[in-house]
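Trainee:
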Amino acid sequence: EESYISWLKEVCLTEESAEAILSVTTIEQKMLEGMFRDGQELAPTPEELDSFVEENDILAAKHILLATMDTSTGEALSQEEIDQKKATAEELAAQLQEITDPEELATKFDELMKEYSEDPGSESKPDGYVFTSGDMVEPFEDGTRALEIGQVSGVVESDVGYHIILRLNPVDLEELRTQWAQNELGTMENQWVE
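First residue of the sequence shown? That's 38 in the working numbering, and the numbers climb one at a time after it.
(1) Since L96 contacts I201 with CB under 8 angstroms, what's their CB separation in whole angstroms?
(2) Work out the CA separation of T82 and I64 for me, nearest whole Å.
(3) Counting pairs of beta carbons, one from the region 106 to 116 and one from the region 162 to 176, are three or more of them closer than 8 angstroms?
(4) What residues are listed by DSSP as bridge partners for E194?
(5) Does the region 198 to 216 touch the region 150 to 164, meaning 3 or more C-beta pairs lie closer than 8 angstroms?
(6) Which residues bound the alpha helix (DSSP H) around K122?
(7) Do you know offhand how far Q216's Cα is from N93's?
(8) Determine, using beta carbons only, whether V208 and L86 come nearer to each other than 8 angstroms.
(9) Do you know how far the Cα of V90 is from the Cα of A131?
(10) Between the beta-carbon of A57 and the beta-carbon of T181, is there less than 8 angstroms?
(11) Which residue from L102, D138, L79 and E141 puts its Cα closest to that of K122?
(12) Just the C-alpha distance for F7 and S161, rounded to the nearest angstrom, thanks.
(13) Find out if the Cβ-Cβ distance for the pair D69, Q188 is shorter than 8 angstroms.
(14) Between the Cα of S170 and those of E185, L142 and D179, spot the shortest distance and give me the residue it belongs to.
(15) Mapping DSSP to helix, strand and coil, what is K239?
(16) What three-state label does DSSP hand V230 in the structure shown?
(17) Please check the pair L210 and D164, which I expect to be a contact at CB under 8 angstroms, by giving their CB distance rounded to whole angstroms.
(18) State the DSSP-derived secondary structure class of A104, mapped to helix, strand or coil.
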């Protein structure tokens, strides 16, 4: 309780105002959940999601990253280590590009990503990244744009390492539904305020 009162003072809130803010936050979260879950009254149609993707230039991809720097310190690896990472990346890309069945490709990609990828963000984004222009390093974005949905890249080099990219359909990812819902709710809130 002392910590809570101390926190209220730090953020210049009374108990009543904190309760009001938390109530509004809870209501907003419940509304968002109702908007992006399938079967809910406000859930998006496939056409609305397609339109949202196109209007906002949204991309989605997974990648296998073989880092050319220490991911915890940011220091470059030795040239020998970098050469080894490139050779491994080329070998993995070749394996994946031989697969023609989309389901088999997706399964194999996930297996190799789990085994080889050194992207610290992939734990929190196991289904892939949903992004728009400028969110990712330029070679990664350009590499994604060069692919058709479901297609895998060759080795794409960036400042952080060697990427093998699998382009995804953003409409298939829960994160896109969340973004759509936040956008729709923001529009509704603005209308209510007006």
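Even glycine gets a Cβ: it sits at the ideal position worked out from N, Cα and C.
Mentor: Answer, in terms of the structure:
(1) 16 angstroms between Cβ atoms; not a contact.
(2) 23 angstroms
(3) By the Cβ test, the region 106 to 116 is not in contact with the region 162 to 176, since fewer than three Cβ pairs between them sit closer than 8 angstroms.
(4) Y199
(5) yes
(6) Looking at the DSSP string, the run of the alpha helix (DSSP H) that includes K122 is Q116 to Q134.
(7) 11 angstroms
(8) yes
(9) 30 angstroms
(10) no
(11) The residue with the shortest Cα to Cα distance from K122 is L102.
(12) The first residue shown for the chain is 38 and the last is 231, placing residue 7 beyond what the model contains.
(13) In the sequence on display, residue 69 carries Leu and not Asp. Against a cut-off of 8 angstroms, the Cβ pair of Q188 and L69 comes out as no contact.
(14) Of the candidates E185, L142 and D179, the one whose C-alpha sits nearest the C-alpha of S170 is D179.
(15) This structure cannot settle anything about residue 239, because the visible part of the chain is limited to 38 through 231.
(16) The three-state reading of DSSP puts V230 in helix, counting H, G and I together.
(17) 6 angstroms
(18) If DSSP states are grouped into helix, strand and coil, A104 belongs with the strands.
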